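J.: Handing you this structure, nothing more for now.
Chains as they are written, first to last, in the numbering used here: chain D, 1 to 509; chain H, 1001 to 1509.
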């Protein structure tokens, strides 16, 4: 009786040249809720399940960075550093991972080197093990300082290739960027497909092309399920030697989030790429999230199951939504089709930047202006001008000559060096300006990253002692025990407030 | 500059021994709405987009059979035969496909051979090109009559392997069933994964094992996305030589339905398996469905995005829902875990039937009884007894000796022959009993399949002349033109009624 278990022949077919067990990075606490819940998951919602997730055996958990920092102080009234400390304590056996936008860190502009260095150091000191750093233009100079500092303080630093589709984003481009990253000493490489554009056959060929460049360094896949292709891309990439995949627990998976953790674990079980993770332990975690979303009434938002616009125009759905909003303001939403037609032209003129924050806004705004004014580049807004002058970094391909001539004719000076080289150190000033609120170095860093938002957050914090770390906390009795235990262990917290049914519960020491 | 387009080496890797262009069967009009909309899509909702779908170039469209027939007369007050005729007229260039449950046709019990033959003949006469036939037990004797009749009247007949996971469902089992089906002259083979259990590596090995058995016959994949594995299974199966995949238009895809058509088309584009379908034409179709669901307020139901229970217990979520309902009736829902533990034991005793209608009910009911009575097989209900006596067909593996002894000791006679051999011809009686309502042979067949439901449907039809073929019809102005044109061409219809906003619209000749 021939078994359906893997026999040695099939195993040989499947096996790649590099070690085959596949690692899983769970993104539930960062990218998954950033993608499906507008980054609104609270520390209180994470805490009751953190210890259970710690025991799963993930390669790592992405729990910090991206938009979580901003969302904590802007919307949740939470200290993001406090979240990191609590999670570190709750998950002693799991590598904690953060995402930084290169020299932009967790913000939307380049920060001076002294801020970057200090921020990376404090992140690692507070519990981060793995730093994934990326730049929207794949300009490695914008990653340099995060990579160097991360390595200096002993973190695992992961360099990132931002994936996009364009005539210049070929295997040569990606292997070139990878070579630079390896030269800077990254510990692993991530292929980041934020728009869900990566097709499985391309994923396979990318891995095969990158392997000789990165040698035995792990290659990690990060993709969003927008177009429905991500899980297939993972599968094919794994067959070709990818080592780690980013996934999210099923209630926070798919749509604009990652493929589901449970699915990938089962799919790889009994293959040479077995993750070794326990499916029943994962389902227990999944049930926790199903319950809190049901109780809290903040179910994940999957506006569409498949974003067909990505499949057709290779333009992320979120970007199209922004374009419609811009057109609406000018009462010109009927001109969307013209703008979508103009986009590829503008993108080509600008040297084919990947369409991700901030370049998606830069390309989109210019395309809208070109259509509305009826004349190409009649108006060039400040952020496009800065881009053209090299102030965001080096585009993947030279910008159009005419456009370059146009913007330099206005007397503006283009730069060829690393944009952050022009920035004055910022730490002293941040310390000074935040002195009246800051209780520690981390507070001053929060201020350095988001001065306006931090100021409001600090003022609110000062106005309501003792600050409840928990706003609203719908849990069942089983979870209350978890909470009490978590609180007992979380020595950095003085008090906890939560709500059960109509009853508020306070925990204090 | 190395391109990311397929180069000849990679193409060679990907290419299989059989012709590589992959065909797409769109299930939107049958399985997709059966899975996500409780089979409630009306002919009126299909009509405005049918001509557009006809032009896509699908290998085929599954538009009839399964639960659609029952739902038409039971819930929609529609004549299913009329739907078939209208779709045939609207889609002259597309092969129309139906699903039949072998000797059960579109019902839930075995029908006599004369009914089966006549039903198949009228299906083909009214426009069906491809008949997919399956049996819950993979007992090919239950497929014989549908296959023979389908071939006699010139249809393409597709034999089906029902996929499940058990100790006896190994490659040998599936190749054995496939060999029998090829012996009966099927034109193609379908791997039917109704529970989302098929893992990609298994899918690949199945295709490789089946290819020598079926030779150049096409192999088609049919899977549900419940567990999130279906698209990966498709991808891997295609690499190994599967020829056709079942997909649904994105607004009716994923969850308990099939992978999205648009996704698979884009994923395979520029590979040796290119479907050749136009993504923008598909998106136009997708937008139609998004619009009507929004307008009608009957959005597809995806209760959970990933059914983790399937991943853990290999028990379909729908079956667990049924078990809970059964337990609830006995105020014993707290015993679900015991029942889930009992299930594999009962399934083993019963010879490992795939868990699909009706065997899922048979196994589930017995497991519930075993738990509630506290004694295994203390009570054996009639349908389990019939199953044990061979009246549903031959189980994949012999039933447990003790159970066999038990049921035959009660004086019941087991059968070894094809169950339908025991059935008296039924056509004459159906004609007689339906005479007062039936207007044509098709009406008598409707009665033969569902006597009770048909009677009510006929009575309602007689009570309200002229029978509106359309109940509620939320469409926009563009679609009204489509409707008028469709009506002009649909010479078999005397009248049409639809509703727009609050206004009812009648079309008559």
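Built from N, CA and C at the ideal position, the CB exists for glycine as well. Note that the coordinates shown come from a computational prediction; the quantities given were computed from them, not determined experimentally.
Note down, in chain order, every chain H residue with its Cβ under 7 Å from the Cβ of residue 242 of chain D.
T.: Within chain H, no residue comes near residue 242 of chain D; the closest Cβ sits about 14 Å away, beyond 7 Å.
J.: If you measure between the beta carbons of residue 32 of chain D and residue 281 of chain D, is that distance less than 8 Å?
T.: Against a cut-off of 8 Å, the Cβ pair of residue 281 of chain D and residue 32 of chain D comes out as no contact.
J.: Does the beta carbon of residue 27 of chain D sit closer than 8 Å to a beta carbon anywhere in chain H?
T.: no
J.: Just to confirm the assignment: which complete alpha helix (DSSP H) runs, minimum length 4, are found wholly within the segment 137-167 of chain D?
T.: 144-152
J.: How should residue 1440 of chain H be labelled, buried or exposed, when 16 other C-beta atoms within 10 angstroms of its C-beta is the threshold for buried?
T.: Counting Cβ neighbours within 10 Å, residue 1440 of chain H comes out exposed, since fewer than 16 surround it.
J.: When the distance is taken between beta carbons, is residue 1332 of chain H closer than 8 Å to residue 1073 of chain H?
T.: no
J.: Quick check: the segment 423-430 of chain D against the segment 109-118 of chain D, are there 3 or more CB pairs under 8 Å?
T.: The segment 423-430 of chain D, when compared against the segment 109-118 of chain D, does touch it at the 8 Å Cβ threshold.
J.: Does the contact criterion of 3 or more C-beta pairs under 8 Å hold for the segment 1037-1046 of chain H versus the segment 1093-1108 of chain H?
T.: no
J.: Quick one: using the 10 Å Cβ neighbour count with 16 as the cut-off for buried, is residue 417 of chain D buried or exposed?
T.: exposed
J.: Return the bridge partner residues of residue 221 of chain D from the DSSP annotation.
T.: D:191 and D:245
J.: Beta-carbon within less than 8 Å of residue 358 of chain D's beta-carbon, same chain only, minus the 5 sequence neighbours each way: which residues are those?
T.: The residues are 108, 136, 383 and 392.
J.: DSSP beta-bridge partners for residue 1065 of chain H?
T.: H:1099
J.: Whose C-beta lies closer than 6 Å to the C-beta of residue 141 of chain D among residues of the same chain, with five residues either side of it excluded?
T.: 418
J.: Residue 1131 of chain H: buried (16+ other C-beta within 10 angstroms of its C-beta) or exposed?
T.: The residue in question, residue 1131 of chain H, is buried, as its Cβ has 16 or more Cβ neighbours within 10 Å.
J.: Measure the Cβ-Cβ separation of residue 244 of chain D and residue 22 of chain D and say whether it is below 8 Å.
T.: Yes, the Cβ-Cβ distance between residue 244 of chain D and residue 22 of chain D is below 8 Å.
J.: Does any residue of chain H have a CB that is nearer than 8 Å to the CB of residue 236 of chain D?
T.: yes
J.: At a CB distance below 8 Å, what residues from the segment 1311-1335 of chain H approach chain D? Give them in sequence order.
T.: 1311 and 1312
J.: I need the straight-line Cα distance from residue 1229 of chain H to residue 1248 of chain H, nearest angstrom please.
T.: 16 Å
J.: What residue range does the alpha helix (DSSP H) around residue 1406 of chain H cover?
T.: 1401-1409
J.: Tell me the rounded alpha-carbon separation between residue 1306 of chain H and residue 1181 of chain H.
T.: 33 Å
J.: Would you decide whether residue 1409 of chain H is buried or exposed? Buried here means 16 or more other CB atoms lie within 10 Å of its CB.
T.: exposed
J.: Return yes when the Cβ of residue 353 of chain D is within less than 8 Å of the Cβ of residue 168 of chain D, no when it is not.
T.: Taking 8 Å as the cut-off, the Cβ atoms of residue 168 of chain D and residue 353 of chain D do not count as close.
J.: Could you tell me the alpha carbon to alpha carbon distance between residue 474 of chain D and residue 75 of chain D, rounded to whole angstroms?
T.: For residue 474 of chain D, the predicted model reports a pLDDT of 41, less than 50, meaning its position is unreliable and no value from the coordinates is stated.
J.: For a quick check, are the C-beta atoms of residue 186 of chain D and residue 147 of chain D less than 8 Å apart?
T.: Yes, the Cβ-Cβ distance between residue 186 of chain D and residue 147 of chain D is below 8 Å.
J.: Closer than 9 Å, Cβ to any Cβ of chain B: which residues of the segment 192-204 of chain D, in chain order?
T.: Of the chains in the structure shown, none is chain B; the protein chains are D and H.
J.: Whose C-beta lies closer than 6 Å to the C-beta of residue 20 of chain D among residues of the same chain, with five residues either side of it excluded?
T.: 272 and 273
J.: Closest to residue 1166 of chain H by C-alpha separation, out of H:1174, H:1214 and H:1251, would be which residue?
T.: Looking from the CA of residue 1166 of chain H, the closest CA among H:1174, H:1214 and H:1251 belongs to H:1174.
J.: Along the beta strand (DSSP E) that carries residue 24 of chain D, what are the first and last residues, could you check?
T.: 23-26
J.: Which word fits residue 1062 of chain H, buried or exposed, when buried means at least 16 other C-beta atoms lie within 10 angstroms of its C-beta?
T.: buried
J.: In the segment 245-326 of chain D, which residue ranges form an unbroken beta strand (DSSP E) of at least 3 residues, counting only runs that do not cross its ends?
T.: none
J.: Kindly list the residues whose CB is nearer than 6 Å to the CB of residue 1347 of chain H, restricted to its own chain and excluding five residues on each side of it in sequence; keep chain order.
T.: 1363
J.: Scan the segment 167-196 of chain D for residues whose Cβ lies nearer than 7 Å to a Cβ of chain H and list them as they occur along the chain.
T.: For chain H, the residues of the segment 167-196 of chain D that bring a beta carbon within less than 7 Å of one of its beta carbons are 170, 171 and 172, in chain order.
J.: Closer than 7 Å, Cβ to any Cβ of chain D: which residues of the segment 1282-1295 of chain H, in chain order?
T.: 1283 and 1286
J.: Assign residue 35 of chain D to one of three DSSP states: helix, strand, or coil.
T.: Judged by DSSP in its simplified three-state form, residue 35 of chain D adopts helix.
J.: Applying a beta-carbon distance threshold of less than 8 Å, which residues of chain D neighbour residue 1212 of chain H?
T.: Residues of chain D passing the Cβ test: none, with the nearest at roughly 13 Å.
J.: Determine whether the beta carbon atoms of residue 161 of chain D and residue 199 of chain D lie at a separation below 8 Å.
T.: no
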